[in-house]
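Take a look at the structure set out below.
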Amino acid sequence: MTKKDHLTPEQFKQEAPKHPYQDVLETLDLLDQDRLRQVGVVLQDADRVGTFLQMDHSVVHCSVAHEGLEVLSTEEAARRYDWLREYRWKMLPRDLDEFTTYAQEHARHGYFVRALPGTKATYPLQACLYIAHDGVAQCVHNIVVVEEGAELNVITGCLSASEVKTGLHVGISEFYVKKNAKLTFTMIHNWAPKMQVQPRGATVVEEGGLFLQNFVCMHPVARLQMNPAIYLKGPGAVARSNTILVCTPGSWMDVGSRVYLQAPQTRAEVVARTITTGGRVINRGHLVGEVPGVKAHLECHGLLLTPQGLIHAIPELEARAEGAEMSHEAAVGKIAPEEIEYLMARGLDEDKAKATIVRGFLNVKMEGLPDELQAKIDEAVRQSQESVL
Amino acid sequence: MLRVLDLTVVVDGKVILEDINLEINPGETHVLFGPNGSGKSTLLGTLIGFNRYKVVNGRIFFKGEDITHLSVYERARRGLGLLFQRPPTIRGLTMRDMINICSQGRGDVEQFAARLNFERFLDREVNHGFSGGELKRSELVQLLAQDPDLVLLDEPESGVDIESIALIGRAINKLLQRDLPDGENRRPLKKKREERQKAGLVITHTGHILNYVNADVGHVLFEGRLSCHGNPRELFTCIQKLGYGECVRCVV
Chain Z
128 MTKKDHLTPE QFKQEAPKHP YQDVLETLDL LDQDRLRQVG VVLQDADRVG
178 TFLQMDHSVV HCSVAHEGLE VLSTEEAARR YDWLREYRWK MLPRDLDEFT
228 TYAQEHARHG YFVRALPGTK ATYPLQACLY IAHDGVAQCV HNIVVVEEGA
278 ELNVITGCLS ASEVKTGLHV GISEFYVKKN AKLTFTMIHN WAPKMQVQPR
328 GATVVEEGGL FLQNFVCMHP VARLQMNPAI YLKGPGAVAR SNTILVCTPG
378 SWMDVGSRVY LQAPQTRAEV VARTITTGGR VINRGHLVGE VPGVKAHLEC
428 HGLLLTPQGL IHAIPELEAR AEGAEMSHEA AVGKIAPEEI EYLMARGLDE
478 DKAKATIVRG FLNVKMEGLP DELQAKIDEA VRQSQESVL
Chain A
18 MLRVLDLTVV VDGKVILEDI NLEINPGETH VLFGPNGSGK STLLGTLIGF
68 NRYKVVNGRI FFKGEDITHL SVYERARRGL GLLFQRPPTI RGLTMRDMIN
118 ICSQGRGDVE QFAARLNFER FLDREVNHGF SGGELKRSEL VQLLAQDPDL
168 VLLDEPESGV DIESIALIGR AINKLLQRDL PDGENRRPLK KKREERQKAG
218 LVITHTGHIL NYVNADVGHV LFEGRLSCHG NPRELFTCIQ KLGYGECVRC
268 VV
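Protein sequences appear in the order of chains Z and A.
All residue numbers for the first sequence refer to the working numbering, where the first residue is 128 and numbers rise by one.
All residue numbers for the second sequence refer to the working numbering, where the first residue is 18 and numbers rise by one.
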């Protein structure tokens, strides 16, 4: 990273023109509709229990169609609920870094989602953060609260409009998974190649809670940096995190996951598969076992499809108590020639053999993904391998 | 089926095989004996076309066609198959998908798997965490689906426990059209033998597989040269009693 590339939040436009509220998503510009579909947004609400769409700094749509669920802009939620203070800036320090500080001062909206105790939403809820104007700095603060015994599946699409070239996205996210609750959170990114993306996230999981986190980014992005923390605070809390990154030439991704196992019988599994077709990836993973009787596994695998790319895997295990059982496996390299020849000996030509290996490499089982979104991801995998081979 | 003429092969600048001549006719199964490092796997790898084995002299003909410079997949599509001694793992690809790749979508995956009691592995990743015997069964299920005309078997019995070796032997016989008449195949043995087209070349280190698979011709590969040919059982007995060096000395 050269000095020239280092952009500060102030270099982006603070203000953006307002976008009118839309009662239904079908009245959006057709080009925007098309972009939204790319990250799995369903325009008819039927298959979603709720929708939140923010363009630049405007909440363009916010609706909910399920008993016991609430979807609001975080600003609106703060006006309505005094108690929101208990959830805001509780896990992330306001002065974490320059982007966090900037977001603290300039954040506009973001989504607030709450599932009341015992609510079980069958379909996903979709939240979408969209940069519609070139050069805009979009800062949001997202809060998700899944109350005791509730189950929620949130799909977040973060993207920029097709005419946008550059911009900054800072997303502050604080998620609360209460006792015996379950949150599945999937984030799909699709940015313009010159975008700066700086999500800052933390999740706390209480007793018996389950947090599943999926992150997919297969499109170019100038700089993407995130290393969200998961705190397994209650006994028996479980976290699983899956990350798929495809890093194209000119992209720089520094992505990780941290899990703090703070109570007995907590479990965590962190899996990352990264591919570079010429970009630079730092793939972090950090497990911290703070009490005895916890179990966690970390897997960082990277594949270099061209000699120009770089993958730097940094798996870390930190045991602070006796009997914290943690392991990791990490492997970085090019496609093994033995694997290519193996498939060729079964009748595939070299390109098909490589494509099959890449597809398998990225074939990470992600729970909670609707079929059409899985199909989108499969399609993106296919396109990214075709662009290289 | 296969004709190898004056084949010399170099690996990393070193001559591993020298002046190999070998002919395998349709319906024949040949066995290749030889000590560790004699070049047995190199010969099989050269026949299938692996990149690291450089042919510096000689020719390989398969079904009358010169395949010396064809790529691995072109040879596979012409009917050459290889049982890998140490097959790699393919992450994220299921056995089911792999078997479909081998069969090009023809035939029933479950049926191929059933022959090797392999049904419960179909949704596992290819070779991931398989034991020695499971790896061989995985290879044989794939080969049954691929149905090659000449199958190269690199130590099919290595790492296999006693119970599985009979199962593996039966699958190899099926591949080589040497299976005994059974419920689904009642044609007389004599007729089957006369019509047999499938050919095989088997590497064996221990010779155990000979108790399950009948071979027609044996060869001894010693220090990169095919040194001796004959009845496989006779050769094996000689090797067991006198060792490879002695066997070569006495026969040549």
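Don't be surprised by glycine CBs; every beta carbon is placed ideally from N, CA and C.
Given the structure is predicted, the values throughout are model-derived calculations rather than measurements.
Can you tell which of the options has the C-alpha that lies nearest to the C-alpha of residue i?
i: A:PRO52; options: A:ASN74, A:ASN248, A:SER244 and A:GLU251; result: A:SER244
i: Z:PRO326; options: Z:GLU194, Z:LEU199, Z:ARG350 and Z:GLY262; result: Z:ARG350
i: Z:THR283; options: Z:GLY420, Z:ILE315 and Z:ARG411; result: Z:ILE315
i: Z:TYR214; options: Z:ASN354, Z:VAL271, Z:PRO320 and Z:VAL382; result: Z:VAL271
i: Z:VAL348; options: Z:VAL382, Z:GLN435, Z:ALA329 and Z:VAL332; result: Z:VAL382
i: A:ARG94; options: A:ALA130, A:LEU167 and A:GLY260; result: A:LEU167
i: A:GLY150; options: A:ILE179, A:LEU170 and A:ARG204; result: A:ILE179
i: A:GLU45; options: A:GLN194, A:GLU240, A:LEU259 and A:HIS222; result: A:GLN194
i: Z:CYS285; options: Z:LEU279, Z:ASN269 and Z:ALA277; result: Z:ASN269
i: Z:MET521; options: Z:LEU310, Z:LEU339 and Z:GLU290; result: As displayed, chain Z neither begins before 128 nor continues past 516, which places residue 521 of chain Z out of reach and without an answer.
i: A:LEU152; options: A:GLU127, A:ALA162, A:SER181 and A:PRO165; result: A:SER181
i: Z:VAL267; options: Z:ASN354, Z:GLN352, Z:HIS233 and Z:MET345; result: Z:HIS233
i: A:ARG123; options: A:GLU40, A:VAL73, A:VAL143 and A:ALA162; result: A:ALA162
i: Z:THR135; options: Z:PHE179, Z:ALA254 and Z:HIS296; result: Z:HIS296
i: Z:TRP216; options: Z:GLU225, Z:ARG235 and Z:GLU301; result: Z:GLU301
i: Z:ARG411; options: Z:ALA264, Z:VAL324 and Z:VAL397; result: Z:VAL397
i: Z:LYS292; options: Z:PHE139, Z:GLU449 and Z:ARG473; result: Z:PHE139
i: A:MET18; options: A:ALA216, A:ARG250 and A:GLU251; result: A:ALA216
Starting from residue i and walking both ways along the beta strand (DSSP E), at which residues does that stretch end?
i: Z:GLY460; result: 452-461
i: Z:GLY294; result: 293-304
i: A:VAL126; result: That residue, A:VAL126, is in no beta strand (DSSP E); its alpha helix (DSSP H) goes 126-131.
i: Z:PHE239; result: 238-242
i: Z:VAL151; result: Taken as a continuous stretch (DSSP letters only), Z:VAL151 belongs to no beta strand (DSSP E), as it is neither H nor E.
i: Z:ARG411; result: 407-416
Just curious, the alpha helix (DSSP H) that residue i is in, first and last residue?
i: Z:THR518; result: Since the displayed chain Z opens at 128 and closes at 516, residue 518 of chain Z lies outside it and no answer follows.
i: A:ILE179; result: 179-192
i: Z:PRO464; result: 464-472
i: A:LEU64; result: 57-65
i: Z:ALA204; result: 201-207
i: Z:MET493; result: Run containing Z:MET493: none; DSSP gives neither H nor E here.
i: Z:GLN521; result: Residue numbering for chain Z in the displayed model covers 128 to 516; residue 521 of chain Z lies beyond these limits and cannot be assessed.
i: A:TYR90; result: 89-95
i: Z:ILE371; result: That residue, Z:ILE371, is in no alpha helix (DSSP H); its beta strand (DSSP E) goes 365-374.
Cβ-heavy atom distance between residue i and the ligand HEM below 6 Å?
i: A:SER148; result: In terms of ligand content, the structure shown is empty, and the ligand HEM therefore cannot be addressed.
Please work out which residues of its chain come closer than 8 Å, Cβ to Cβ, to residue i, disregarding the five sequence neighbours upstream and downstream, and give them in chain order.
i: Z:VAL176; result: VAL191, ALA192, HIS193, LEU196, ALA248, THR249, TYR250, PRO251 and LEU252
i: Z:TYR387; result: ALA356, ILE357, TYR358, LEU359, VAL415 and GLU417
i: Z:LEU475; result: THR483
i: A:GLU82; result: ARG95
i: Z:GLN160; result: LEU152, GLU153 and LEU170
i: A:ASN38; result: VAL21, LEU22, ASP23, LEU24 and LEU243
Which same chain residues end up closer than 7 Å to residue i when comparing Cβ atoms and leaving out the 5 residues on each side of it in sequence?
i: Z:GLN389; result: TYR358, LEU359, LYS360, GLU417 and VAL418
i: Z:LYS305; result: VAL273, GLU274, GLU275, GLU333 and GLY336
i: A:GLY62; result: TYR70
i: Z:LYS145; result: SER185
i: A:GLU127; result: GLU136
i: Z:TYR229; result: PRO136, CYS266 and VAL297
i: A:GLY224; result: PHE253
Closest Cβ-Cβ distance between residue i and chain C: below 7 Å?
i: Z:GLU465; result: In the displayed structure, chain C is absent; the protein chains listed are Z and A.
Excluding sequence positions up to five away, which residues of its chain have a Cβ less than 6 Å from the Cβ of residue i?
i: Z:ASN341; result: THR313, ASN369 and MET493
i: A:VAL268; result: Residue placement at A:VAL268 is flagged as unreliable, the pLDDT there being 46, under the threshold of 50; a coordinate-derived value is accordingly withheld.
i: Z:VAL421; result: LEU388, THR393 and ALA451
i: Z:MET182; result: HIS146, TYR257 and ALA259
i: A:ARG213; result: GLY44 and GLN194
i: A:LEU197; result: none
Practice task
Can you give me, in chain order, the residues of the segment 72-102 of chain A that have a beta carbon less than 9 Å from any beta carbon in chain Z?
Solution key: Those would be SER88, VAL89, TYR90, GLU91, ARG92, ALA93, ARG94, LEU97, GLY98, LEU99 and PHE101, in chain order.
Handout entry: Validate contact between the segment 32-42 of chain A and the segment 434-443 of chain Z using beta carbons, cut 8 Å, 3 pairs
Key = The segment 32-42 of chain A is not in contact with the segment 434-443 of chain Z.
Handout entry: Given 8 Å, three or more beta-carbon pairs between the segment 494-501 of chain Z and the segment 372-382 of chain Z
Key = Verdict: no, contact absent.
Handout entry: Three-pair Cβ contact test at 8 Å for the segment 42-59 of chain A versus the segment 84-93 of chain A
Key = No: fewer than three Cβ pairs fall under 8 Å.
Practice task
Take every Cβ of the segment 227-238 of chain A, pair it with every Cβ of the segment 23-32 of chain A, and state whether three or more of those distances are shorter than 8 Å.
Solution key: Segments in contact, no.
Handout entry: the segment 145-168 of chain A: positions lying closer than 7 Å to chain Z by Cβ
Key = When CB distances to chain Z are screened at a threshold of 7 Å, the residues of the segment 145-168 of chain A falling below it are GLN159 and GLN163, in chain order.
Handout entry: Where the segment 470-495 of chain Z meets chain A: residues whose CB sits under 8 Å from a CB there
Key = For the segment 470-495 of chain Z, residues whose beta-carbon sits nearer than 8 Å to a beta-carbon of chain A comprise LEU470, MET471, ALA472, ARG473, GLY474, LEU475, ASP476, GLU477, ALA480, THR483, ILE484, ARG486, GLY487, PHE488, LEU489, ASN490 and VAL491.
Exercise for the section: Mind the definition here: the segment 110-120 of chain A touches the segment 176-191 of chain A only if three or more C-beta pairs lie below 8 Å; say whether that holds. Expected result: Under the Cβ criterion (8 Å, minimum of three pairs), the segment 110-120 of chain A does not count as touching the segment 176-191 of chain A.
Problem - contact_flag[the segment 447-467 of chain Z, the segment 70-84 of chain A] where n(CB pairs < 8 Å) is 3 or more - result: No, the segment 447-467 of chain Z is not in contact with the segment 70-84 of chain A.
Exercise for the section: Check whether the segment 239-246 of chain Z touches the segment 158-170 of chain Z, taking contact to mean three or more Cβ pairs, one atom from each stretch, closer than 8 Å. Expected result: Touching, no.
Practice task
Examine the Cβ distances between the segment 97-112 of chain A and the segment 143-160 of chain A and report whether three or more of them are shorter than 8 Å.
Solution key: The segment 97-112 of chain A is in contact with the segment 143-160 of chain A.
Practice task
Note down, in chain order, all residues in the segment 32-60 of chain A with a beta-carbon under 8 Å from any beta-carbon belonging to chain Z.
Solution key: Taking 8 Å as the cut-off between beta carbons, none of the residues of the segment 32-60 of chain A comes near chain Z.
Practice task
Count the C-beta pairs between the segment 127-143 of chain A and the segment 168-177 of chain A that are closer than 8 Å, then say yes if the count reaches three, no if not.
Solution key: No: fewer than three Cβ pairs fall under 8 Å.
Handout entry: Residues, ordered as in the chain, of the segment 440-468 of chain Z that lie near chain A by beta-carbon distance below 8 Å
Key = Those would be ALA463, PRO464, GLU465, GLU466 and GLU468, in chain order.
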